[in-house]
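Under this note's numbering, residues 4 to 321 are what the sequence shown spells out, in order. This report refers to the structure that appears directly beneath it.
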Amino acid sequence: MNRNEEFKSIFDEYAVKAIRAQKKAEDLKKELHALSPELARIDGELSECGLRLFAESMRGGDDLQQRISAIRADNIRLKGEREALLKTLGLPADVTEPKYECSACRDSGYVGETMCDCLRTRLLLTRLENSGIGALVRKQTFDSFDPALQPATASEMKRIADKCRAFADSFDTSSENLLFIGKTGLGKTHLSTAIARRAIERGFDVVYDSSPNIFSDFETEQFKNGEKGMTDKYFLTDLLIVDDLGTELQSSFTLSVLYNLLNTRINRGKSTIVNTNLSAEELRRRYEDRITSRLFGEYLPLLFTGSDARQLKLKQNR
Numbered sequence: 004m005n006r007n008e009e010f011k012s013i014f015d016e017y018a019v020k021a022i023r024a025q026k027k028a029e030d031l032k033k034e035l036h037a038l039s040p041e042l043a044r045i046d047g048e049l050s051e052c053g054l055r056l057f058a059e060s061m062r063g064g065d066d067l068q069q070r071i072s073a074i075r076a077d078n079i080r081l082k083g084e085r086e087a088l089l090k091t092l093g094l095p096a097d098v099t100e101p102k103y104e105c106s107a108c109r110d111s112g113y114v115g116e117t118m119c120d121c122l123r124t125r126l127l128l129t130r131l132e133n134s135g136i137g138a139l140v141r142k143q144t145f146d147s148f149d150p151a152l153q154p155a156t157a158s159e160m161k162r163i164a165d166k167c168r169a170f171a172d173s174f175d176t177s178s179e180n181l182l183f184i185g186k187t188g189l190g191k192t193h194l195s196t197a198i199a200r201r202a203i204e205r206g207f208d209v210v211y212d213s214s215p216n217i218f219s220d221f222e223t224e225q226f227k228n229g230e231k232g233m234t235d236k237y238f239l240t241d242l243l244i245v246d247d248l249g250t251e252l253q254s255s256f257t258l259s260v261l262y263n264l265l266n267t268r269i270n271r272g273k274s275t276i277v278n279t280n281l282s283a284e285e286l287r288r289r290y291e292d293r294i295t296s297r298l299f300g301e302y303l304p305l306l307f308t309g310s311d312a313r314q315l316k317l318k319q320n321r
C-alpha cells in the first residue's frame, strides 16, 4: 500500500466513523421525540430558527438586524427550555449530540486547516504497521537499547547506537547505507527497528522485511503469477531494511535479484540497511564479487560484538 492509498483508506475510515456517530445521535433523537412530544416540538422550532435566519437574510430591509436579533433571542430561549426539559428527564444537555471518537476534529481528521493529532497518530501507526516492523516497534527503541548488556564491548556498542541514532535523526532520501554484521542477539534488529520508527515518525517511507520474505515476493511475482508491481516497494521506499541476509535459500535467481536490488537503490541514491549474522569472510564466500563489492564499497559496516543479549538476560533473571 503506497502513501496515497494509506491516506485514502484512513480518510474513508474517518468518514465512516463520523457518519456512524451522526446516525447514532439521530436515531437517539427520534427515540426521545417519540417519548417526549414537547422535546420534539422544541427541536422542531430550533430547526425553524435556522431557516428563518436564512430567509430574513435573503429578504434584507432596514430592520434586518432587529428581525435577526429576535430570531436569536428565540433560539436562546428554546435552548434553555430544551436543557431544562432534558434535566427533568434525567438526561444531559448534549444527549443528542454525536459522540465522536475525537471531539477536537469531530472525526474529520482536521481542526480547521490543521491536521488533528488523532489523524497524525493514526497515520503513524498505519505506516509503522505497513513497514513490516510489527510488534517490534513497541519495545525496540533507542531508549530501550542498553549497551551495558555487553560489558566487554559496552563502549563500542554505545558508539554504534549513537551512530544509529544520529543516522535516524538526520535521515533523508540520500542518506548513506549501513551494513550490520554480527551474531544473533547482539542488537542488530533492535537498532534497525529503532531507526525505522524514527524515520517513519519524521515522515519517510520505510520497508522492513527479512531476506527470505523479500526474495519470496520476487519469486511469486516472477514465477507464480503474483500481483504485478508487488516488489516495487523494495526499489521505491525511502529506506529499505533487509534483515537476516544470508538465511535465504541461495540460487542464481536470488543472487540476481539481490544484485539488482542493491545496485538499483545505490544508483537511485536510496538508503538501505542490511543486517546479517554472517562475518565479512562468510559474506565473501557466499556471494559473488559484484554483490560483496557493493556491500563493502557502498555501505558503512558496523560490527556488533559480544554475547547473545537474550541469553544474558535469561541468566540475570535466574
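Glycine included, each C-beta is placed from N, C-alpha and C at the ideal position.
{"Asked": "Residue interval of the alpha helix (DSSP H) (run including Val245)", "Found": "No alpha helix (DSSP H) contains Val245, which is instead part of the beta strand (DSSP E) from Leu242 to Leu248."}
{"Asked": "Three-state secondary structure (DSSP) of Asp120", "Found": "helix"}
{"Asked": "Own chain residues within Cβ distance below 7 Å of Pro150, not counting five before or after", "Found": "Ala157, Met160, Lys161 and Ala164"}
{"Asked": "Whole-angstrom distance between Thr234 and Ser259, CA atom to CA atom", "Found": "14 Å"}
{"Asked": "Identity of the residues DSSP links to Asn278 by a beta bridge", "Found": "Phe183"}
{"Asked": "For Leu239, the first and last residue of its enclosing alpha helix (DSSP H)", "Found": "Asp235 to Leu239"}
{"Asked": "Of the residues Glu301, Phe218, Pro154 and Arg297, the one placed nearest Thr308, counting alpha carbons only", "Found": "Pro154"}
{"Asked": "Residue environment, Asp97, which counts as buried when at least 16 other CB atoms sit within 10 Å", "Found": "exposed"}
{"Asked": "C-alpha gap between Phe174 and Ser195, whole angstroms", "Found": "13 Å"}
{"Asked": "Best match in Thr240, Asn280, Asp246 and Glu284 for proximity to Thr267 [C-alpha to C-alpha]", "Found": "Thr240"}
{"Asked": "Spatial neighbours of Gly3 in its chain, beta-carbon cut-off 8 Å, leaving aside the 5 residues before and after", "Found": "The structure shown does not extend to residue 3, since the chain is modelled only from 4 through 321, so no value can be given for it."}
{"Asked": "Asp212 in three-state terms, based on DSSP", "Found": "strand"}
{"Asked": "Pair within 8 Å by beta-carbon distance, Leu67 and Ile45", "Found": "no"}
{"Asked": "Sequence-distant residues of its chain with Cβ nearer than 7 Å to Arg293 (five each side left out)", "Found": "Tyr262"}
{"Asked": "Alpha helix (DSSP H) segments (min. 4 residues) lying fully within the segment 14-94", "Found": "40-62 and 67-91"}
{"Asked": "Straight-line Cα distance separating Arg201 from Asp172", "Found": "7 Å"}
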